[in-house]
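Enquirer: This is the structure I want to talk about, given as structure tokens.
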Amino acid sequence: MLKTRFTEEFGVEHPIVQGGMMFVGRAELAAAVSNGGGLGIITALTQPTPADLAAEIERCKSLTDKPFGVNLTLTLSINPPPFAEYRQVIIDSGVKIVETAGSDPTKHVEHFKEHGLKVIHKCTSVWHALKAERIGVDAVSIDGFECAGHPGEDDIPGLVLVPAAADALTIPFVASGGFADGRGLAAALSLGADGINMGTRFMCTEESPIHDDIKRLIVDASERDTRLIMRQLRNSMRVAKNSISEEVVDILDKGGRFKDIKDLVAGVRGRKVYEYGDPELGIWTVGLVQGLIHDIPAAGDLVRRISTEAEEKLLGLVRNVVVDRVAAVRA
Ligand SMILES: Cc1cc2nc3c(=O)[nH]c(=O)nc-3n(C[C@H](O)[C@H](O)[C@H](O)COP(=O)(O)O)c2cc1C
């Protein structure tokens, strides 16, 4: 069993988190991950209203008696969702873990902490991770350049970001972006993380609510089949390579503004991809790690498999590198 500061402090069996995922992080998936011994997370803003979120949390409770969390992504927009109301629903629901992400979480963290919730803050740089530590979060999830969604603007891959975070932080943290199997978990632990957070890998599980054709497309895709869009706007997003993401890149390369791509990147179009299984209907998020995904297992089996593989990998390294070498020296 892999015990880390994260498993101990968050009361989970395996150091594996299913990160917040717009349109994907629903009760069935979160419960399946938690039942498998990981930490499943419902994505608050996938629910159209705070009342819908309350109902979704109740549904998740009916599917698992293990700890699960709720992601609150603090997007900056002209018409922001009623964050304070979503926050209150999370507090009132009795959920004990919340994952914040996006812009400055200070105000929300204060409220969550007042009510005894544990907060994991997702960020993409050591600087932001340290700021989160200072405002009192319990753990950080740090996303490398490989990740699906928003990798930030620093372009630091996990191989540097994870040990840099380990050197700087005193609170537990999970490495995120580019993880899909036991090798990845073993590597993250070796680099100093207390666990891993995965998004793309959990899209391809039985309980993930996206269309089967999209799951199969991810299994068939390679690590080269993503595109970074909106770099010019300093709001980079890693998404699937398709005609729409190419068009967005092209428009901005030619000097276009956000208003020129607004309709192409609309979330409502991305949701249709997952609903109807047509990858060309909009922009949809996926990470480089799709190149390492080869099956569509049950989420709980995946969590156990990754944990077991990582343990075997780490033990194997000790056996091969240390024990065998010592034996060779002694012989
Ligand atoms: C379909 C999808 C939707 C996502 N939506 C969100 C979101 O709403 N909020 C958030 O904080 N992260 C979101 N993420 C990022 C994940 O939580 C996680 O940080 C990221 O997927 C890790 O990289 P990986 O895909 O390589 O595992 C999303 C990821 C995916 C794949």
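Residue numbering for the sequence shown is 0 to 330, as defined by numbering that gives the first Met the number 0.
Think of the CB as a built atom: it goes at the ideal place given N, C-alpha and C, for glycine as much as any other residue.
1. From cysteine 122 to arginine 324, what distance separates their C-alpha atoms?
2. With a cut-off of 8 Å on the beta carbons, I'd call isoleucine 15 and leucine 184 a contact; round off their distance for me.
3. Measure the CB-CB distance between alanine 31 and arginine 58 and report whether it falls below 8 Å.
4. Which partner residues of glutamine 17 appear in the DSSP bridge assignment?
5. Could I get the ranges of all uninterrupted alpha helix (DSSP H) runs contained in the segment 45-100, with 4 residues as the minimum, in chain order?
6. Taking the straight line between their C-alpha atoms, what separation do you get for arginine 4 and aspartate 193?
7. Do the CB positions of threonine 99 and leucine 71 come within less than 8 Å of each other?
8. Between which two residues does the beta strand (DSSP E) holding isoleucine 209 run?
9. Indicate, with yes or no, if ligand 1 has a heavy atom lying under 7 Å from the CB of cysteine 146.
10. Quick test of your reading: aspartate 262 and isoleucine 250, contact by CB under 8 Å. State the CB separation rounded to the nearest angstrom.
11. Determine the DSSP secondary structure at threonine 6, reduced to helix, strand or coil.
12. Which of helix, strand or coil does DSSP assign to arginine 256?
13. Taking only runs that begin and end inside the segment 150-191, name each unbroken alpha helix (DSSP H) of 4 or more residues, in chain order.
14. Using 10 angstroms around the beta-carbon of phenylalanine 257, count the other beta-carbons present and answer buried if the total reaches 16, otherwise exposed.
15. Short of 8 Å in beta carbon distance, which residues of its chain neighbour proline 162, apart from the five on each side in sequence? Order them along the chain.
16. Are the Cβ atoms of serine 102 and isoleucine 141 separated by less than 8 Å?
17. Ligand 2 and alanine 29: does the residue's C-beta get closer than 7 Å to at least one heavy atom of that ligand?
18. Report the CB separation of leucine 38 from glutamate 206 in whole angstroms; it is logged as a contact under 8 Å.
19. With a threshold of 16 other CB atoms inside 10 Å of the CB of valine 94, please say whether the residue is buried or exposed.
Expert: Quick answer:
1. Numbered from its first residue, the sequence shown carries residue 122 at position 123. Numbered from its first residue, the sequence shown carries residue 324 at position 325. Those two C-alpha atoms are separated by around 40 Å.
2. Taking the sequence shown and counting its residues from 1, the one referred to as residue 15 is at position 16. Taking the sequence shown and counting its residues from 1, the one referred to as residue 184 is at position 185. Yes, they are in contact, since the Cβ atoms of isoleucine 15 and leucine 184 sit about 7 Å apart, within 8 Å.
3. Here residue 31 is taken as the residue at index 32 of the sequence shown, counted from 1. Here residue 58 is taken as the residue at index 59 of the sequence shown, counted from 1. Result no, Cβ atoms of alanine 31 and arginine 58 do not sit closer than 8 Å.
4. If you number the sequence shown from 1, residue 17 lands on position 18. DSSP, once it has assigned bridges, lists Met197 as partnering glutamine 17.
5. Within the segment 45-100, the complete alpha helix (DSSP H) segments at least 4 residues long are 49-62 and 82-92, listed from N- to C-terminus.
6. Indexing the sequence shown from 1 puts residue 4 at position 5. Indexing the sequence shown from 1 puts residue 193 at position 194. Straight-line Cα distance between these residues: approximately 6 Å.
7. The residue given as residue 99 occupies position 100 in the sequence shown. The residue given as residue 71 occupies position 72 in the sequence shown. Taking 8 Å as the Cβ cut-off, threonine 99 and leucine 71 qualify as a contacting pair.
8. Here residue 209 refers to the residue found at position 210 when the sequence shown is read from its first residue. Careful: isoleucine 209 lies outside any beta strand (DSSP E) and carries neither H nor E.
9. The residue given as residue 146 occupies position 147 in the sequence shown. It does: the Cβ of cysteine 146 is within 7 Å (strictly closer) of some heavy atom of ligand 1.
10. One-based indexing of the sequence shown puts residue 262 at position 263. One-based indexing of the sequence shown puts residue 250 at position 251. No, aspartate 262 and isoleucine 250 are not in contact; Cβ-Cβ is about 11 Å, not under 8 Å.
11. Here residue 6 is taken as the residue at index 7 of the sequence shown, counted from 1. Threonine 6 falls in the helix class under three-state DSSP.
12. Residue 256 sits at position 257 when you count from the first residue of the sequence shown. Three-state result, arginine 256: coil.
13. 157-167 and 181-189
14. Mapped onto the sequence shown, residue 257 falls at position 258. So phenylalanine 257 ends up on the exposed side.
15. Residue numbering aside, residue 162 sits at position 163 when the sequence shown is read from its first letter. Excluding its 5 nearest sequence neighbours in each direction, proline 162 has C-beta neighbours in its own chain below 8 Å: Leu190 and Gly191, listed in chain order.
16. Against the sequence shown, residue 102 aligns to sequence position 103. Against the sequence shown, residue 141 aligns to sequence position 142. No; because the gap between Cβ atoms is not below 8 Å, this pair is not in contact.
17. Ligands present in the displayed structure are limited to ligand 1, and ligand 2 is not among them.
18. For this step, residue 38 is matched to residue 39 along the sequence shown. For this step, residue 206 is matched to residue 207 along the sequence shown. Wrong, their Cβ atoms sit about 15 Å apart, outside the cutoff.
19. Sequence index remark: in the sequence shown, residue 94 carries index 95 (1-based). Buried, because 16 or more other Cβ atoms sit within 10 Å of the Cβ of valine 94.
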